[in-house]
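Engineer:
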Amino acid sequence: MKPDVLVLAALPDFLMEPLRAVAVCHDFWQADDADKEALLTEAGPRIRGVVMAGGSVAPVEMLERLPALEIVSVFGVGYDGVPVGYCEKRGIRVTNTPDVLTDDVADIAVALVLMTSRRLAAAERFVRNGEWMKGAFPLAHALRGKTAGILGLGRIGKAIAERLRAHGMQVAYHGRKAQAVAYRFCDSLKELAEVADFLIVACPGGPGTRHLVDADILSALGPDGTLINIARGSVVDEGALVAALEKGSLRGAGLDVFEHEPAVPEALLKSERVVLLPHVGSGTQETRREMARLCVGNVAAHFAGEALLTPVV
Ligand code: 8YV
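Under my numbering, the residues of the sequence shown are numbered 35 to 347, in order.
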């Protein structure tokens with residue numbers, strides 16, 4: 035008998051097909067509120083697995099309705115949508131998809147650094163709009179000699195650092211502790227923001243990092259500074275970011291993630307100082323297929339009584 039699995043997000047066919055081969059899938063994300071309630075009441079007691087995207091949320095109140103739950107498999111490296119402590123207490127396993135997406139996400143961070151410093155999106159619009167015929171595009175800013183301040187020097191943070199070193203940049207970082215690396219460690223996020231030309235958010239999301247980048251940090255980054263976020267929208271106080279951009283107390287921002295995706299504040303949509311991407315850090319055919327392999331592989335391994343491929347707990 036295949037185990038029953040609740041699917042919390044729209045996931046690609048190359049994930050759903052192999053998942054359906056090993057589990058009976060219940061599409062929670064497609065159901066309206068009444069159907070969700072009926073699904074939890076009717077199938078809830080049989081559900082043994084939950085599959086969700088990096089950005090989706092599995093609230094405790096929902097997991098409480100799944101008494102037979104054994105595993106939560108996240109299609110993403112970030113598992114901030116999962117109440118891990120609660121799962122651990124209940125003996126529910128949690129898995130994610132680390133490593134396979136590191137290069138792609140780091141590439142997008144570098145792309146945002148280049149797009150903001152060289153104003154590439156505006157330059158592209160300049161050509162398309164026929165403005166080049168009227169004069170040259172204004173001079174932008176070089177990367178060489180500038181400092182990248184990385185918040186969270188994990189796997190992705192390190193991959194970003196390596197890439198930006200190749201662009202002639204200095205690297206500083208802040209995290210829970212200093213690491214055995216050649217980059218400058220800053221004791222506080224404020225110190226990092228003060229030394230950085232680009233403050234790059236690469237730390238996990240969740241309650242522990244919520245609004246770490248607030249008005250105070252943005253003011254330390256200063257009028258020549260740029261904020262880059264490829265991690266989670268929740269780490270940045272979006273209201274404070276809008277205010278800093280509107281006042282001109284920040285040069286710009288390059289954002290792949292937002293507080294309330296897919297909603298993006300009107301003020302950001304209108305701002306010439308920002309580059310906005312639709313959470314595409316891991317969005318390549320190659321990487322998403324690798325992520326799907328791990329996500330389904332973890333579910334399959336668990337129900338076959340084998341070791342999990344990439345366990346969190
Ligand atoms: C999403 C992500 O999971 O890895 C993460 O934490 O946020 C992304 O890779 C991806 O958008 C799939 O939904």
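By construction, the Cβ of each residue, glycine as well, lies at the ideal position given by its N, Cα and C atoms.
#1: Which same chain residues, not among the five before or five after Ala341, have their C-beta less than 7 Å away from its C-beta?
#2: By a C-beta neighbour count over all protein chains shown, 10 Å radius and 16 as the cutoff for buried, is Gly242 buried or exposed?
#3: Indicate whether the contact test is met: 3 or more Cβ pairs, each with one atom in the segment 151-158 and one in the segment 92-108, closer than 8 Å.
#4: Taking Val333 and Leu53 to be in contact with their CB atoms under 8 Å, please state how far apart those CB atoms are, rounded to whole angstroms.
#5: For Ile126, name the three-state secondary structure that DSSP assigns.
#6: Suppose the cutoff is 7 Å on Cβ atoms and the five residues either side in sequence are ignored; what does the same chain contact list for Val276 look like?
#7: DSSP three-state call for Ser107: helix, strand or coil?
#8: For Cys220 versus Val269, is the C-beta spacing smaller than 8 Å?
#9: Distance, Cα to Cα, Tyr207 vs His313?
#10: I need the DSSP call for Arg178, collapsed to helix, strand or coil.
#11: Quick one: Cα of Ala216 to Cα of Val58, how far?
#12: Provide the residue span of the alpha helix (DSSP H) that contains Asn263, from first to last.
#13: If you run the structure through DSSP and keep just helix, strand and coil, what is Ala277?
#14: Taking the beta strand (DSSP E) that Leu154 falls in, what are its first and last residues?
#15: Figure out for me which residue from Asp290, Ala265, Pro79 has the closest Cα to the Cα of Gly112.
#16: Helix, strand or coil, according to DSSP, for Phe62 in the structure here?
#17: What does Phe292 pair with, by DSSP beta-bridge criteria?
#18: Please classify Glu280 as buried or exposed, where buried requires at least 16 neighbouring CB atoms within 10 angstroms.
#19: Return helix, strand or coil for Ala200, following the three-state DSSP convention.
#20: Does the ligand 8YV have even one heavy atom less than 7 Å from the beta-carbon of Val161?
#21: Within the chosen definition, does the segment 61-68 reach the segment 127-144 through at least 3 CB pairs nearer than 8 Å?
Structural biologist: Once the coordinates are examined:
#1: Cβ-Cβ distances below 7 Å link Ala341 to Ala335 in the same chain, with the five nearest sequence neighbours on each side left out; the list follows chain order.
#2: Burial is judged here by how many other beta carbons sit within 10 angstroms of a residue's own beta carbon; Gly242 has fewer than 16 and is exposed.
#3: The segment 151-158 is not in contact with the segment 92-108.
#4: Distance from Val333 to Leu53 at the Cβ level is roughly 7 Å; contact confirmed, criterion being Cβ atoms closer than 8 Å.
#5: The DSSP-derived three-state label of Ile126 is coil.
#6: The answer, listed in chain order, is Pro299, Ala301, Leu302.
#7: In the three-state scheme derived from DSSP, where H, G and I count as helix and E and B as strand, Ser107 is classed as strand.
#8: The answer is no: Cβ separation not under 8 Å.
#9: Rounded to whole angstroms, Tyr207 to His313 spans 23 Å at the Cα level.
#10: If DSSP states are grouped into helix, strand and coil, Arg178 belongs with coil.
#11: Roughly 49 Å between the two C-alpha positions.
#12: Here Asn263 belongs to no alpha helix (DSSP H); instead the beta strand (DSSP E) covers 260-263.
#13: Taken through DSSP and simplified to helix, strand or coil, Ala277 comes out as helix.
#14: Per DSSP, Leu154 belongs to no beta strand (DSSP E); it is in the alpha helix (DSSP H), 154-162.
#15: Closest by alpha carbon: Ala265.
#16: It is coil, neither helix nor strand.
#17: For Phe292, which the question treats as bridged, DSSP gives no partner whatsoever.
#18: Result: exposed.
#19: The answer is coil: DSSP assigns Ala200 none of H, G, I, E or B.
#20: Not one heavy atom of the ligand 8YV is found less than 7 Å from the C-beta of Val161.
#21: No: fewer than three Cβ pairs fall under 8 Å.
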